[in-house]
Each structure stands twice: as structure tokens, then as C-alpha cells.
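J.: The listed protein sequences derive, respectively, from chains A and B. Using our numbering, the first residue of the first sequence is number 5, and each one after it goes up by one. Using our numbering, the first residue of the second sequence is number 5, and each one after it goes up by one. Note that the Cβ used here is the ideal one computed from N, Cα and C, for glycine as well. Just dropping this structure here.
There are 2 protein chains.
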Amino acid sequence: MFDISIITIGDEICIGQIVNTNAAWIAGKVTSIGANVKLHSTIGDNRDSLIDELNRLLPISDLVILTGGLGPTHDDITKNVLCEYFGDDLVLHNDTLKYLKKIFSLRGYHLTERNMEQAYLPSICLVLKNEVGTAPGMLFEEKGKFVISLPGVPAEMKYIMNDSVIPFIKRKIAERNDNVVLYKNLQTTGIPESKLADMIGEPKEFLGDGSLAFLPSYRGVKLRIGVSGKNFETAREKLKKIEKVIFEKAGGNIFSADDESLVSKVGSLLSERNLTVAVAESCTGGLLGAEFTSISGSSVYFSGGVIAYSNEIKEKILNVSKDSLVQFGAVSEQVAFELARNVRDIFKTDVGIGITGIAGPTGGTEEKPVGTVFIGLAFGDNVKVKKFVFSTEREVNRERAVGTALTMLLNELQNNE
Amino acid sequence: MFDISIITIGDEICIGQIVNTNAAWIAGKVTSIGANVKLHSTIGDNRDSLIDELNRLLPISDLVILTGGLGPTHDDITKNVLCEYFGDDLVLHNDTLKYLKKIFSLRGYHLTERNMEQAYLPSICLVLKNEVGTAPGMLFEEKGKFVISLPGVPAEMKYIMNDSVIPFIKRKIAERNDNVVLYKNLQTTGIPESKLADMIGEPKEFLGDGSLAFLPSYRGVKLRIGVSGKNFETAREKLKKIEKVIFEKAGGNIFSADDESLVSKVGSLLSERNLTVAVAESCTGGLLGAEFTSISGSSVYFSGGVIAYSNEIKEKILNVSKDSLVQFGAVSEQVAFELARNVRDIFKTDVGIGITGIAGPTGGTEEKPVGTVFIGLAFGDNVKVKKFVFSTEREVNRERAVGTALTMLLNELQNNE
Chain A
5 MFDISIITIG
15 DEICIGQIVN
25 TNAAWIAGKV
35 TSIGANVKLH
45 STIGDNRDSL
55 IDELNRLLPI
65 SDLVILTGGL
75 GPTHDDITKN
85 VLCEYFGDDL
95 VLHNDTLKYL
105 KKIFSLRGYH
115 LTERNMEQAY
125 LPSICLVLKN
135 EVGTAPGMLF
145 EEKGKFVISL
155 PGVPAEMKYI
165 MNDSVIPFIK
175 RKIAERNDNV
185 VLYKNLQTTG
195 IPESKLADMI
205 GEPKEFLGDG
215 SLAFLPSYRG
225 VKLRIGVSGK
235 NFETAREKLK
245 KIEKVIFEKA
255 GGNIFSADDE
265 SLVSKVGSLL
275 SERNLTVAVA
285 ESCTGGLLGA
295 EFTSISGSSV
305 YFSGGVIAYS
315 NEIKEKILNV
325 SKDSLVQFGA
335 VSEQVAFELA
345 RNVRDIFKTD
355 VGIGITGIAG
365 PTGGTEEKPV
375 GTVFIGLAFG
385 DNVKVKKFVF
395 STEREVNRER
405 AVGTALTMLL
415 NELQNNE
Chain B
5 MFDISIITIG
15 DEICIGQIVN
25 TNAAWIAGKV
35 TSIGANVKLH
45 STIGDNRDSL
55 IDELNRLLPI
65 SDLVILTGGL
75 GPTHDDITKN
85 VLCEYFGDDL
95 VLHNDTLKYL
105 KKIFSLRGYH
115 LTERNMEQAY
125 LPSICLVLKN
135 EVGTAPGMLF
145 EEKGKFVISL
155 PGVPAEMKYI
165 MNDSVIPFIK
175 RKIAERNDNV
185 VLYKNLQTTG
195 IPESKLADMI
205 GEPKEFLGDG
215 SLAFLPSYRG
225 VKLRIGVSGK
235 NFETAREKLK
245 KIEKVIFEKA
255 GGNIFSADDE
265 SLVSKVGSLL
275 SERNLTVAVA
285 ESCTGGLLGA
295 EFTSISGSSV
305 YFSGGVIAYS
315 NEIKEKILNV
325 SKDSLVQFGA
335 VSEQVAFELA
345 RNVRDIFKTD
355 VGIGITGIAG
365 PTGGTEEKPV
375 GTVFIGLAFG
385 DNVKVKKFVF
395 STEREVNRER
405 AVGTALTMLL
415 NELQNNE
């Protein structure tokens, strides 16, 4: 196996001001091409910590990927510490200088001394070009082991990963004829983890030396199959066999075997069938609309919606009847029904979704506790409303309402073919 | 200093399927009470890796906090590995058993053998109660050093941290008379990092042995001041001095010195002045409404809005004139103006915000490239529109449009007192 460790460098991550999304992105990316992630480590902007981590991780890894600490200010120490670690010196890298001059002149800026220093790079490293920022990546080799240093800015890190690092790792895995590790995700929705586990039964009976993990989220439970094999072909064969068994047992709940997200799957189905959708959101306040429109090209099937946070707007813009609001309350089956039906009619779409609920943490009653959410789905002439009681947490209730509304629409699309 | 290391355990995090939010949360929490975070480490569900990490981190830390691997299934190994590490055995913990029986009977479930095993805990550990789940936390001491093991489920981890771990760390810092580390954030918005740096000048002149970091995000640049002192009082004194200097230099751009978020600050100002707001969103598709409504109690000032993703909806629901749409296009100053003004009039609010733009990655033209966004702000009788060209990335453009709209409203609220 080609073992990779990841070191994230930065005080702001170490003290918890920023969530470390870089490590997850890098780990996901290298895993998808058959490498094995040993561990991630996060340290502050500190020379000793970085030297310690390199000393510890290089012996147990084929490649150590560093991210962060390559900027132009005083707290960016990575380049100098790597020079020290490999006993090397900084030299002027002409291509980088040319590139810096070019982009600074394009932007109409003068190239300052501070920025010019970014063109001085360790003499023994292979420079990995960065066309979206000013700090290039660096690749070092020592006794058949590798260290790659990348900027911490996510867009720059991703550019160099895609442009240089991923092809490099693929080549190394192929050259060494290393064992590869492969994963595949089967995505389910609308079924609790425990029920899904019962349907699938004892995994040992069909997994061989593979693995199966259940990963629940607000958009459903993901089943992750993992296998290793002496090459891609044998690994893929193993994956296929396990996938087949799981489809036999729980295929009805799997909506995607190719990492398509729930909202993207729903969008594809709407688009295929030339259907359009509009939303009327109370407690989710725009979150469902934001999720639909996170997909580029969603304007084909998503017309828009109304964020009806006050009763007045529900009445005035969405024609919810005053009687329903007074008699049943804004959080009620009747109001969810009218929200879904009326937004469909007003926006002249095929589908209307209405969401009303008590997100919390305040506003709950004995009869309607925090977490009570009614979701209405108007599909053609048919309007359905379902009631849910999710949790006591505001963000959880809003996220689960969005996930559940998408699942209801997915099921309707699958059942009305 | 009281040094803490954090180990996150779980294959799904190691291979990048889940972003490690637990480590950031724990690090932020312990930093806020004066502890010093040495590093975070993330490993798979693997005995050897966990033993290696404990061997390495315990000597350099006063406390190692583990999260994950305490569930009831076969891949949850933490409890057994800790037993092995400390040469201990599992014994029945009566209070935990009582608690498990109680919650299972409340939920109407039978307590299975698998769940009962969660009441068997290492004999030498102090059990930290978990009233939001089934796996309690565990505290071990060895030669004046501590290991705390917590569940990986965020709500459970947070419960035990707040209920047991934070008071424990506070007590230890006080007992040992340890040096404390304190941080304070000053939040700015509407000013680029480099300009802010110029205003503040050379930090060495006023920092002493403190530190200053610039942390940019889509909601502004955060200035993080860090100091250490022999006790809380001296550290707070140092913080106050540095804060005063920064306020003198850049106070006009600082909207919060107490970690209040931009949307929450805007909400407080609206609320104080009895003003209401409505939004008309095209390219952001509900994201601004979702941000306003992420704050509990926002219904006082946020009435709702329209997600006008299609031209038809802009015309029909928001009365945008056909002429404007045809003559200037949906992404234009004129349409942003009408969106803001009309949503304010239709929703009868004091403030209206209209956003229209090309989020990308497709849909750009030479005249209006991807990233072009017009934001209209109707405030009382006054309507302003600003044009921006953000980036080529869809998510970045949507996030920056939301952040910029909030900044425009903040400035208007601050200038119209």
C-alpha cells in the first residue's frame, strides 16, 4: 500500500478557530485513487513541532503531505524549516519569478520585495506550479520517501493537488505495483441506520477481507464499502461483488452508487422529466432553496420560492387562509398543505414544497414541541403532508427538514414514473 | 502552561469522508479557558495507531483528549485499547447501568446485551456522565498526566466537555498556578486584509510578547490577539492594552469584540431600532434568508423574502418591469434596484435587499463575467446598488454575495443612527 500522512500547519487550526477542511479534502482525494491514509496531524506555526512531525511520520509513510505556512508573512515558516530539515538552501527559481512578475503586472501591482521572496525555493525540490496564487508547491525526495508542501489556501492547495500531486501518486502506485485500497459509496435515504443494518444482515458473510461502514447524515445513510487488492482490477472485482450483494438486500433504498448528492439526484430526475419545482419555506428560511440552487444549472427545474417567515407573508404572498392560521396555527398540517399547493399554483410549477415548523430552541408547546415540522408536497394534483418531530437543536431541525423534504420528493419521483 | 493534545479516532475521518469538526470545537473551547493546544491527531479505528499516539503524546502533554470509538459496534475499539494501555479491566459500573435501563425503558426499548456492555468500564477510570447518549466519558490519571476519552457524536462529546471536562481543566490550571494563554477576536468587515494590515502598521511595536493573526473569511477579516501570562489577571491586562492600540488604529472597521457573528450583529441593530427586513434573492437562491433565520428570534426583524430564480417570478411576484429585464438583463443594476425596492414595498418592511448575479461556473459573458453580482439595498426611502465581480467559483460567489449584502446593511445601520 502507498501510505500517506497529512500535516496541517497553522495556529488558527490548532486552536480551533478554523475547521480543518483541507485534511479531509486531501484524504478523500488520495483515497479515491487507491492510496492509504495513515493519519492526519495538525500543528501550530512552530519550527520544533514541524521537525518532530517530519521525524515521526516520514519513517511510517511513503509520502507526507504538508499544507499551510507558505505565505509571505513572518509566521509562514514551512519553506525555511524544510530547507533546514533537508540541509538545503534557497535559490532563485526563474520560472516562478517570471510567473510572479506576469501576474503582478496583470493585476496592475508592483512586485514587492516580500512577494519576490516567494520565488526563492529550496534547490533540491521539484517546484509544483500554482496558477491560482503566489506560493508554488514543493516536492522533496529522500531515500525513496517523499515530502510535498502545499499552500493552506484551499483553492491553491486543490489546484496543485489536481495538477501535480494526484498524477504523481498514481504514477508511484503503478510503478511500485503497490496494493491499492478502494472505496465505494452507496447512498440511501429515508431509512434509519438500524433498519438498514437489519436488511443487510451480517456483513462478514459476504465481505471477505473487505469492510463496510454505515455513515449517517442529514441527507441519509451512506454505505461505504472498502477493499484492497494487488491491483486496481482485482480491487474493482471485489467491490463489484460486494456491491451486488448489498443491492440485492437493500437496493430499493439506494438512490446513488456514484457519489451523486441527494439534491443533485432529485434535480436530475426533475430535469429528465421536464418538471419544475417551487418552495414555500417558513422555519428553514431559504435553506431548501439554497440547497436546490447550489447545483449549477438548477434554473432548468427550480423556479424559486417564498421565504414566509411571518404569518402576514404566508397570508398575503402565499394566500394561506386566515382561518387556517387562526384555527390550526402557523405550524400545522393545514398550513403546510396550503403552502405547498399555493406556491405550486402561484409559481405555476409542477411541484410545490411547503415547510413549516418550530426550529427552536424556543417556541415549543406541549402539543407542538420544538422540532415539530410539517412538510407538504404538492405533486401534480396530489398534495401530501407529513408530520415529523426531529430534535431540540435549531440547526439539526432545519437541516433534517431540508433532507426530509428532498427525500419525500425523491420518493414521489421514483414512484410516479 | 497546561498543554492539551487531541486525538480523533475514526476511519471515516481519516479517509476524508467527514470533516473533523470535533477537534476544532474542543480546541476552541479549551483555548478559551487558558489552556494551550499542542496538536491534533486523527487516526483510523486501529489499535496500534492509538497505542502509538498515546505513547507519543502523553509525555508532551498534561492532558490528552480522545474522541470517537466508544459506540456499541465491533469497530469501536477505544475502551478496550485504553484498558490494555493502562493494564486495567472492565467492571460493571452500576450508575451507568441504572441510567441505561432508565433511558431504554423511557424510549420503550428492551436493553440489549450489546447496549448493556456499555455499562462495563475500566475499573481505574473516573466515569464522566453522558446524559444525551449511551457511552459515558472516562478520565484516567497516570503520574500527574491525564487521558480523557469522549464519544465521537458531537452532541454527546459537547455535553461531557461542558459538564465535566471544562470544569476539570479550569480546576487543574488554578491548582497548578499554570501560565495561561488567552485569545481575543476583533471582527472587521468590508476592508481587505492588506489594507487592514497597513492601518495597523508594524505589530511588534505594540504586541510585547503577544501575537496578532489576520484571519480572512467570507464575512470579513478577524484579528486574533494572543497573550500568555502567569495568571488570568495579567493575561487580561495584556490583552486589554493591545486591544486598545488596535481600536485606535482600525476601530472604525471593527464591528464586534465579543465573537458576535456578522448576521447576529446586524440582527441586534435591526432589533434595537425596531426595523424589519425582507430579501429578494436570485443567484443566492435563499442563502441570505437562511443566514438571517439561522439566528433564533430573528422573526422579530426578518419578515421573509422571495427566491426569484426565474425571470417570470421576478416579474410576477416582485413586479420587476419587463422593460428592465429586456433592456438591461436580469443581472443588472436596474433589476437589483427594483428587487430591493419592490420586496421592501411588497413585504412592507423598512429594509429590502435584492441580489442578482452570475454564480457560475457557466453563464458568464465578456461584459458580465462569472462572479458579477449586483446588490441592491433599499433603506427607508433610499435605494443603493453596488456592483461586484467576485470569483469564478459558484460557492465562493454565493457566499461572498451574502457576506457583502450583510456588510452593506451593517454600514447603513451604523451610518444612519
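Compute the Euclidean distance between the alpha carbons of E247(A) and V225(A), then round it to the nearest angstrom.
T.: Cα to Cα, E247(A) sits roughly 16 Å from V225(A).
J.: Mind checking L110(A): buried by the 16 CB within 10 Å criterion, or exposed?
T.: Exposed, since its Cβ has fewer than 16 Cβ neighbours within 10 Å.
J.: Thinking C-alpha only, which one of C129(A), V68(A), V34(A) and G32(A) is nearest S45(A)?
T.: Closest by alpha carbon: V68(A).
J.: Quick one: which residues of the segment 41 to 52 of chain B get their C-beta closer than 8 Å to a C-beta of chain A? List them in chain order.
T.: Listed in sequence order: V41, K42, L43, H44, S45, T46, I47 and G48.
J.: Please tell me whether D92(B) and P126(B) are closer than 8 Å, where the distance is taken between their beta carbons.
T.: In contact: D92(B) and P126(B) (Cβ atoms closer than 8 Å).
J.: Using a Cβ-Cβ cutoff of less than 8 Å, which residues in the same chain neighbour A340(A) once the five nearest sequence positions on both sides are dropped?
T.: Only G358, I359, T360, F378, I379, G380 and V389 meet the Cβ criterion.
J.: Can you name the start and end residues of the beta strand (DSSP E) that A49(A) belongs to?
T.: Note that residue 49(A) is Asp in the sequence shown, not Ala. D49(A) -> no beta strand (DSSP E), and no H or E assigned at all.
J.: Could you tell me if Q418(A) is buried or exposed, where buried requires 16 or more neighbouring beta carbons within 10 angstroms of its beta carbon?
T.: Classification for Q418(A): exposed.
J.: Have a look at G214(B) and K245(B) and give me their C-alpha separation to the nearest angstrom.
T.: Roughly 11 Å separates the two Cα atoms.
J.: Using a cut-off of 7 Å between C-beta atoms, extract the partners of I69(B) located in chain A.
T.: By Cβ distance, chain A contributes nothing, its closest Cβ being about 12 Å from I69(B), past 7 Å.
J.: Assign P196(A) to one of two classes, buried (16 or more other C-beta atoms within 10 Å of its C-beta) or exposed (fewer than that).
T.: P196(A) comes out exposed.
J.: How big is the Cα-Cα spacing for N315(A) and V136(B)?
T.: Near 34 Å, if we compare the C-alpha coordinates of V136(B) and N315(A).
J.: By DSSP, does P196(B) sit in helix, in strand, or in coil?
T.: Note: P196(B) maps to coil in three-state DSSP.
J.: List, in order along the chain, the chain A residues whose C-beta lies closer than 8 Å to that of T25(B)?
T.: Those within 8 Å of T25(B) in chain A are V23.
J.: Excluding the five sequence neighbours on either side, which residues of its own chain have a C-beta within less than 7 Å of the C-beta of V304(B), listed in chain order?
T.: Hits under 7 Å: S275.
J.: Compare the C-alpha of I434(A) against each of G20(B), W29(B), A27(B) and A28(B) and name the closest.
T.: In this structure chain A extends from 5 to 421, so residue 434(A) is not present and cannot be described.
J.: Looking at the unbroken alpha helix (DSSP H) that takes in Y124(A), where does it start and where does it end?
T.: Y124(A) -> not in any alpha helix (DSSP H); beta strand (DSSP E) instead, spanning Y124 to P126.
J.: Taking one C-beta from the segment 281 to 294 of chain B and one from the segment 338 to 353 of chain B each time, how about it: are there three or more such pairs within less than 8 Å?
T.: Touching, yes.
J.: Just the C-alpha distance for T116(B) and L273(A), rounded to the nearest angstrom, thanks.
T.: Near 42 Å, if we compare the C-alpha coordinates of L273(A) and T116(B).
J.: I believe K147(B) touches D66(B) by the beta-carbon criterion, under 8 Å. Please report the beta-carbon distance rounded to the nearest angstrom.
T.: So it is not a contact: roughly 11 Å between Cβ atoms.
J.: With 9 Å as the limit, tell me which residues of the segment 358 to 377 of chain A have their beta carbon closer than that to any beta carbon of chain B; keep them in chain order.
T.: Here the close residues are A363, G364, P365, T366 and G367.
J.: Report the option in M161(B), A405(B) and L414(B) whose CA atom is closest to the CA atom of Y222(B).
T.: Here the closest residue by C-alpha is A405(B).
J.: When you check each C-beta in the segment 308 to 324 of chain B against every C-beta of chain A, which residues fall closer than 9 Å?
T.: Answer set for the segment 308 to 324 of chain B: G308, G309, V310, I311, A312, Y313, S314, E316, I317, K318, K320 and I321.
J.: According to DSSP, is S302(B) part of a helix, a strand, or is it coil?
T.: In this structure, S302(B) counts as helix in the three-state DSSP scheme.
J.: Let me know if D15(B) comes out buried or exposed under the rule of 16 or more other beta-carbons within 10 Å of its beta-carbon.
T.: Buried, by the Cβ-count rule.
J.: Within 10 angstroms of the Cβ of K352(B), are there 16 or more other Cβ atoms? Answer buried if so, exposed if not.
T.: Exposed, since its Cβ has fewer than 16 Cβ neighbours within 10 Å.
J.: Flag Y187(A) as yes if its beta-carbon sits less than 8 Å from any beta-carbon of chain B, otherwise no.
T.: Yes, because at least one Cβ of chain B sits closer than 8 Å to the Cβ of Y187(A).
J.: Going by C-alpha to C-alpha distance, which of N119(A), L58(A) and D262(A) sits closest to D80(A)?
T.: When each option's Cα is compared against that of D80(A), the closest is N119(A).
J.: Whole angstroms are fine: how far does the CA of E295(A) sit from the CA of G368(B)?
T.: The straight-line gap from Cα to Cα measures roughly 22 Å.
J.: Can you find at least 3 beta carbon pairs, one from the segment 251 to 260 of chain A and one from the segment 325 to 337 of chain A, that sit closer than 8 Å?
T.: No, they do not touch.
J.: Between F306(B) and chain A, is the shortest Cβ-Cβ distance under 8 Å, so that the two count as touching?
T.: Yes, contact with chain A.
J.: Going along chain C in order, which residues have a C-beta closer than 8 Å to the C-beta of T35(A)?
T.: Of the protein chains in this structure, namely A and B, none is chain C.
J.: In chain A, what lies closer than 9 Å to F6(B) by C-beta?
T.: Correct list: empty, because the minimum Cβ distance to chain A is about 14 Å.
J.: Following the continuous alpha helix (DSSP H) through I317(A), name the residue where it begins and the one where it ends.
T.: It spans N315 to K320 - the alpha helix (DSSP H) in which I317(A) sits, taken as one unbroken run.
J.: Does the CB of D15(B) have a neighbour CB from chain A at under 8 Å?
T.: True, the Cβ-Cβ gap to chain A drops below 8 Å.
J.: For R240(A), would you say it is in contact with chain B, using Cβ-to-Cβ distances shorter than 8 Å as the test?
T.: Judged by the 8 Å Cβ criterion, R240(A) is not in contact with chain B.
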